[in-house]
Structure formats: structure tokens, C-alpha cells
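Take a look at the structure below.
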Amino acid sequence: TQLLEQSPQFLSIQEGENLTVYCNSSSVFSSLQWYRQEPGEGPVLLVTVVTGGEVKKLKRLTFQFGDARKDSSLHITAAQTGDTGLYLCAGPPPPGNTGKLIFGQGTTLQVKP
Amino acid sequence: DAGVTQSPTHLIKTRGQQVTLRCSPKSGHDTVSWYQQALGQGPQFIFQYYEEEERQRGNFPDRFSGHQFPNYSSELNVNALLLGDSALYLCASRHRRGFTDTQYFGPGTRLTVL
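Chains as they are written, first to last, in this note's numbering: chain E, 128 to 240; chain W, 88 to 201.
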């Protein structure tokens with residue numbers, strides 16, 4: 128059973144379009160992280176969300192943590208070809224703060240020029 | 088400020104051989120975790136080390152073992168390699184008393200088993 132479910136698994140869009148990636152769970156997480164990974168490289172941390180209802184912005188990327196801390200979303204406005212990559216959500220399995228992270232399956236985003 | 092470093096970047100082995108991968112954590116971090124990532128999947132937790140001891144372990148066989156040195160660097164050893172061990176091996180570091188579980192990843196070692 129996958130504790131973190133990401134959707135969609137694949138997304139192919141044109142440059143300039145908007146998109147949203149979802150990360151859902153039936154469990155409460157103390158925090159969730161979003162990473163972006165390019166082929167053959169390690170995941171690069173984008174953001175950590177900690178507080179239920181929290182919204183964080185990173186340029187054209189907007190991250191939300193659900194009020195109940197069971198889900199999160201990543202919204203990209205006006206996607207660019209440089210946004211192409213594998214987007215991963217991750218979090219510590221409850222009760223949290225153990226240093227172990229579990230990951231969603233990832234969302235592969237392709238932004239076409 | 089040096090990030091997490093790993094070596095080697097690529098490795099090719101044959102079935103039955105043994106391999107050692109190395110990791111240096113980000114400056115100021117004392118905890119190292121290792122993950123295995125199959126192509127197109129999210130990373131899977133192998134184990135975690137701090138204070139030179141294995142503290143947590145994921146669902147991996149005893150063929151996977153590790154070590155942490157006094158300078159916090161770490162090694163991952165895999166014995167009796169199987170074809171299915173081919174993957175990207177990632178090292179991640181954090182400070183054990185960090186406020187969140189945020190971890191910082193290295194570039195990975197791509198292991199191919201033939």
C-alpha cells in the first residue's frame with residue numbers, strides 16, 4: 128500500500144500552460160517535502176511545508192499543505208521547458224521526525240516548447 | 088558550503104559481485120540515509136545512520152549493509168549482487184535535531200548489474 132499517492136503520474140503540456148500535481152494520503156504527516164529530479168541526478172529540495180493550510184510560493188510554483196495535513200499540491204503557473212522533470216512529494220511516516228522519508232511514485236512533467 | 092557528495096557516479100558490476108558506495112554529508116549534518124531508486128519510481132528507504140550506528144532499516148535484505156565513520160561520512164555495501172539491484176543509489180543527509188525531516192540528497196550513484 129502506497130502511503131503517499133501522487134497524481135497524475137505523467138503530464139505533457141505546452142509551454143505557458145498551468146498545471147497542478149497532487150499528493151494525497153489517508154495519514155497525517157508532520158511535514159511534507161517537494162523535490163524535483165532531473166534524469167540521472169539526485170532530488171533537489173523545492174520546499175518543506177509544516178503547518179496545516181500553509182501556502183508557500185517559489186517564483187511560479189505554489190505549494191499548499193492541506194488543513195488536515197493529509198495532502199499537498201504543487202501548482203505551476205505558465206510552465207517553462209526548464210520545469211521539465213520528475214516531481215516527488217515525500218514525508219516522514221507517522222509519527223514523524225524519524226529521519227526516514229517515504230516518497231510518492233512521482234509525477235513526470237514534460238513541458239514542450 | 089559543500090552539499091552532499093557521492094562516489095562513484097557510475098558503476099558496472101556482474102551478478103554475485105560486491106560493491107561499495109560512498110557518501111559525504113552536507114556540512115553540519117550528522118545523519119545519513121541511503122535510498123534506492125528504480126527507474127521512474129520514487130526512492131525507497133534502505134537505512135539510516137547516526138552516531139556510527141544503524142538506527143532504522145527499510146525492507147531490504149541483509150545483503151545491504153552500511154557503515155558511518157567518525158567524520159559522519161558513510162558507505163553502503165551490497166553483497167552477492169542481483170540483476171534487480173540495478174538502480175540509482177541516493178545518499179541524503181540531515182541534522183538529527185533538525186526541526187523538520189527535510190533531507191538533502193546527493194547526485195547519486197548509478198549501479199548497473201550485468
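In this text, a Cβ means the ideal position worked out from N, Cα and C, and glycines have one as well.
Of the residues the options, the one placed nearest residue i, counting alpha carbons only
| i | options | result |
| --- | --- | --- |
| residue 209 (chain E) | E:142, E:197, E:173, E:228 | E:142 |
| residue 50 (chain W) | W:156, W:129, W:169, W:197 | Outside the shown range of chain W (88 to 201) lies residue 50 (chain W), about which nothing can therefore be said. |
| residue 163 (chain E) | E:181, E:180, E:185 | E:185 |
| residue 167 (chain W) | W:93, W:105, W:96 | W:105 |
| residue 150 (chain W) | W:158, W:107, W:190, W:90 | W:107 |
| residue 140 (chain E) | E:206, E:188, E:227 | E:206 |
| residue 98 (chain W) | W:181, W:165, W:190, W:183 | W:165 |
| residue 132 (chain W) | W:154, W:126, W:146 | W:146 |
| residue 114 (chain W) | W:95, W:127, W:89 | W:89 |
Element boundaries [beta strand (DSSP E), containing residue i]
| i | result |
| --- | --- |
| residue 218 (chain E) | 212–218 |
| residue 139 (chain E) | 137–141 |
| residue 197 (chain W) | 196–200 |
| residue 144 (chain W) | 140–144 |
| residue 174 (chain W) | 174–181 |
| residue 176 (chain E) | 171–176 |
Other residues of its chain near residue i: CB distance less than 7 Å, five sequence neighbours each side excluded
| i | result |
| --- | --- |
| residue 175 (chain E) | 158, 160 |
| residue 195 (chain W) | 93, 175, 176, 177 |
| residue 173 (chain W) | 198, 199, 200 |
Cβ pair residue i, residue j closer than 7 Å
| i | j | result |
| --- | --- | --- |
| residue 237 (chain E) | residue 204 (chain E) | no |
| residue 231 (chain E) | residue 171 (chain W) | no |
| residue 143 (chain W) | residue 135 (chain W) | yes |
| residue 216 (chain E) | residue 136 (chain E) | no |
| residue 234 (chain E) | residue 200 (chain E) | no |
| residue 179 (chain E) | residue 194 (chain E) | yes |
| residue 159 (chain W) | residue 91 (chain W) | no |
| residue 153 (chain W) | residue 169 (chain W) | no |
| residue 131 (chain E) | residue 153 (chain E) | no |
Chain-order list of residues whose beta-carbon lies under 6 Å from that of residue i (same chain, five-residue window excluded)
| i | result |
| --- | --- |
| residue 101 (chain W) | 201 |
| residue 139 (chain W) | 155 |
| residue 196 (chain E) | 155, 156, 179 |
- Query: In chain order, what residues of the stretch 141–153 of chain W put their CB closer than 8 Å to some CB of chain E?
  - Reply: From the stretch 141–153 of chain W, only 142, 143, 145 have a Cβ closer than 8 Å to chain E.
- Query: Along the stretch 144–158 of chain E, what residues have a CB closer than 8 Å to any CB found in chain W?
  - Reply: Those residues of the stretch 144–158 of chain E that come within reach of chain W (Cβ to Cβ, closer than 8 Å) are 157, 158.
- Using a Cβ-Cβ cut-off of less than 8 Å, give me the residues of the stretch 124–138 of chain W that come near chain E, in sequence order. Of all residues in the stretch 124–138 of chain W, 127, 128, 129, 130, 131, 132, 135, 137 have a Cβ within less than 8 Å of some Cβ in chain E.
- Message: Along the stretch 163–184 of chain E, where does the CB come closer than 8 Å to a CB of chain W? Name the residues.
- Response: Per Cβ criterion, the list reads 167, 168, 169, 170, 171, 172, 175, 177.
- Item | Members of the stretch 105–122 of chain W that neighbour chain E once the beta carbon cut-off is set at 7 Å | Per Cβ criterion, the list reads 118, 120.
- Chain-ordered residues of the stretch 198–210 of chain E with a beta carbon less than 8 Å from chain W: Listed by position, the residues of the stretch 198–210 of chain E near chain W (Cβ gap below 8 Å) amount to none.
- According to a CB-to-CB cut-off of less than 9 Å, which residues of the stretch 174–191 of chain W neighbour chain E? Contact residues of the stretch 174–191 of chain W toward chain E are 175, 177, 178, 179, 181, 183, 185, 186, 187, 188, 189, 190, 191 (C-beta to C-beta distance below 9 Å).
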